[in-house]
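Here the structure is laid out as structure tokens; the discussion comes afterwards.
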Amino acid sequence: MFFLKEETKVVTLHPSFFGPNVKEYLVNRLNEEEEGRCTGDHFVICVMDMVDIGEGRVIPSSGHAEYTIKYRAIIWKPFRGETVDAIVTSVKPTGIFTLAGPLSVFIARKNIPSDIKWEPGTVPPQYTDHADQVIERGTSLRLKILGVKPDVSAINAIGTIKEDYLGAHLDSQMRRLLSIVSSNVNVTTAAQTRRLAGCFCETGDSLRQRQPPPVTTARIVNDDSDEQRGQGRNRIPAGLEAREWASQ
Numbered sequence: 001m002f003f004l005k006e007e008t009k010v011v012t013l014h015p016s017f018f019g020p021n022v023k024e025y026l027v028n029r030l031n032e033e034e035e036g037r038c039t040g041d042h043f044v045i046c047v048m049d050m051v052d053i054g055e056g057r058v059i060p061s062s063g064h065a066e067y068t069i070k071y072r073a074i075i076w077k078p079f080r081g082e083t084v085d086a087i088v089t090s091v092k093p094t095g096i097f098t099l100a101g102p103l104s105v106f107i108a109r110k111n112i113p114s115d116i117k118w119e120p121g122t123v124p125p126q127y128t129d130h131a132d133q134v135i136e137r138g139t140s141l142r143l144k145i146l147g148v149k150p151d152v153s154a155i156n157a158i159g160t161i162k163e164d165y166l167g168a169h170l171d172s173q174m175r176r177l178l179s180i181v182s183s184n185v186n187v188t189t190a191a192q193t194r195r196l197a198g199c200f201c202e203t204g205d206s207l208r209q210r211q212p213p214p215v216t217t218a219r220i221v222n223d224d225s226d227e228q229r230g231q232g233r234n235r236i237p238a239g240l241e242a243r244e245w246a247s248q
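Every letter in the sequence shown is one number past the one before it in the UniProt record's numbering, and letter 48, counting from 1, is 48.
Below, the structure written as structure tokens:
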């Protein structure tokens, strides 16, 4: 779950940064050190603004200065029962390893639906129900967090897809389907690829094929360049359809 939280940070600055732009250096240093950091309890996603920048205190015998900064940041603290989207990073017989942003989530074999089986002989290895559910590396998953284990500099979690509306996203299945179609069909243009993408839609728990939209006839446009103007050779009349011109 995401929160807007006020936090305090002590930033140490080298004497070479002392000057009229010292506040700018402090803000840059704070962003570098805090954004993306894991405190063991939550992740700091983004520093929003500065609440207060205290007066600098020179550290004896070093010349460095310490500044106490109060700031507001967007943080993410994972909770048990939270539903998140994740990307599969590895598929093993024991389960599925995923990343939900900075959070590492493991889905054990017992938390995968019984109709989705482990297929070690496929390349890449995957879990599949031999229908529309295929889980492999790179697949987008929607999962539910069952437990969170905080550490000093990391947070790990365990999750499940053994509930309604959890599992592989439709967009992952669509991308996989289109890659299979593209590898077996002679697709020559990006426009044809987009038309193929429009031929598939979801109905219930499976994908069905529907009629593609009509394909417009390509036209060859006359090139009236300076080199061709005034020359008596035959040229393709502007706007003439390619198929009609080829039959002449």
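Where is the CB? At the ideal position from N, CA and C, for every residue including glycine.
This one's a predicted model, so the numbers in the text were calculated from it and none came from an experiment.
Residue pairing by DSSP places residue 149 opposite 156 in a beta bridge. When the beta-carbon positions are compared, residue 159 and residue 146 come within less than 8 Å of each other. Looking at the backbone, the Cα of residue 4 and that of residue 31 are separated by about 16 Å. In this chain, the alpha helix (DSSP H) harbouring residue 30 covers 22-34. Per DSSP, reduced to three states, the secondary structure at residue 18 is coil, with no helix or strand assignment.
When beta bridges are read from the DSSP output, residue 126 appears opposite 119. Shown here, residue 110 sits in a helix according to DSSP, grouped into three states.
In the DSSP annotation of this structure, the continuous segment of the beta strand (DSSP E) that includes residue 66 starts and ends at 65-76. Distance from the CA atom of residue 82 to the CA atom of residue 144, rounded to whole angstroms, is 6 Å. Looking at the backbone, the Cα of residue 7 and that of residue 124 are separated by about 44 Å. Contact between the region 88-99 and the region 15-30 is not established, with fewer than three Cβ pairs separated by less than 8 Å. Using a Cβ distance threshold of 8 Å, residue 108 and residue 86 do not count as a contacting pair.
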